[in-house]
Amino acid sequence: MKVGTEMAIETKGSSRRQLLTACSVGAASLVGSGLGIFSWPAQAQLSPTTYRKLSSPVATTTEMVEVLEFFWYGCPHCHELEPFLNEWEKAKGKTILFKRIPVAFRSDLVVHQKLFYALEVLGQLPQLHGKVFKTIQTERNRLLDFESQLAFVQRFGVDAKLFTEAFNSFGVASKCMQATQLVKSYQIDGVPAMGVDGVYTTSASIAGGSYSSMLKVVDQLIDLQQQVRKTRKK
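Per our numbering, numbering of the sequence shown is gapless, rising by one per residue and ending at 396.
Written as structure tokens, this is what we have:
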């Protein structure tokens, strides 16, 4: 998946439409596919063409296999993936460590990373993650500045002072920098994308053309890494 799809977004306070190149080319064919694509492929085979192996592994700090979803709130494909990903995550349970990693391919999009981590710090992410996607993708409220984000979270009862402190905190800034480093280490150039255990990446465009095929490849890579970890312990 390569960065290159031009997505028109109206900037706050201006009628000029700013083109943001932040979503992946490969995911474009998935838009409008609907929930029907969430049927697991029969007899899917793990093929080197369905994933990429990193030349330099990324260190992980957990005994479980770590799976990362790289996403951007402004990406319609990431929004469309959400129900499939939520169902998949519930099915995996506690067999893996799953994390969402907000991506900012441009400096002016770091504000979306900060929103994600501020909500995480406040314990509001489970309640508001999906609502952020909805307001950006369906309500056309781009949340591209702090003021619009503050107004948004207050709609759902988040304290303005606490949100402001979290948004501007050193902890949130550090998490944003760590996320950006992970994007570089995993060599992510488009979203949505998945990283598995610091070793592999995959996306819908290379995994078979659907979100279900991508998640099936992720499952197989998880199984592979679990076997690797068992072998190391012997």
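Backbone N, C-alpha and C fix where the C-beta goes; we use that ideal spot for every residue, glycine too.
Keep in mind that this is a model prediction, so the values were computed, not measured.
By the neighbour-count definition (other C-beta atoms within 10 Å, threshold 16), arginine 302 is an exposed residue.
Three or more Cβ pairs closer than 8 Å define a contact, and the stretch 255-264 falls short of that threshold against the stretch 316-331. Using a 10 angstroms sphere on the CB of phenylalanine 295, the tally of other CB atoms reaches 16 or more, which defines it as buried.
Checking the DSSP bridge columns, you'll see leucine 230 partnered with Lys261, Gly357. Short of 7 Å from the beta carbon of threonine 212, and not among the five residues preceding or following it, lie these beta carbons of its own chain, in chain order: Thr364, Ile368, Ala369, Gly370, Val379. Glutamine 387 and aspartate 359 have their C-alpha atoms spaced approximately 7 Å apart. In the three-state reduction of the DSSP assignment, lysine 215 falls in the strand class. When rounded, the separation of the alpha-carbon atoms in aspartate 321 and isoleucine 384 is 39 Å. With contacts defined by Cβ atoms closer than 8 Å, alanine 341 and glutamine 275 form a contacting pair. By the CB criterion at 8 Å, tyrosine 373 and leucine 243 fall inside the cutoff. Between leucine 247 and leucine 277, the gap from beta carbon to beta carbon reaches 8 Å or more. Around glutamine 299, the same chain offers Pro238, His241 as residues with beta carbons nearer than 7 Å, after the five sequence neighbours per side are excluded. Cβ atoms of alanine 328 and leucine 290 stay farther apart than 8 Å, at about 13 Å. DSSP places tyrosine 362 in the strand class (E or B) of the three-state scheme. Between leucine 271 and serine 347, the alpha-carbon positions lie close to 19 Å from each other.
Around the beta carbon of glycine 333, fewer than 16 other beta carbons sit within 10 angstroms, so the residue counts as exposed. Along the stretch 252-315, the beta strand (DSSP E) occurs as fully enclosed runs of 3 or more residues at 258-264, listed in sequence order. In the three-state DSSP reduction, phenylalanine 318 falls in the coil class, being neither helix nor strand. Scanning Thr257, Val273, Lys256 for the CA closest to the CA of glutamine 311 turns up Val273.
Excluding five sequence positions before and after isoleucine 350, the CB atoms of its chain that fall closer than 6 Å to its own CB belong to Phe232, given in chain order.
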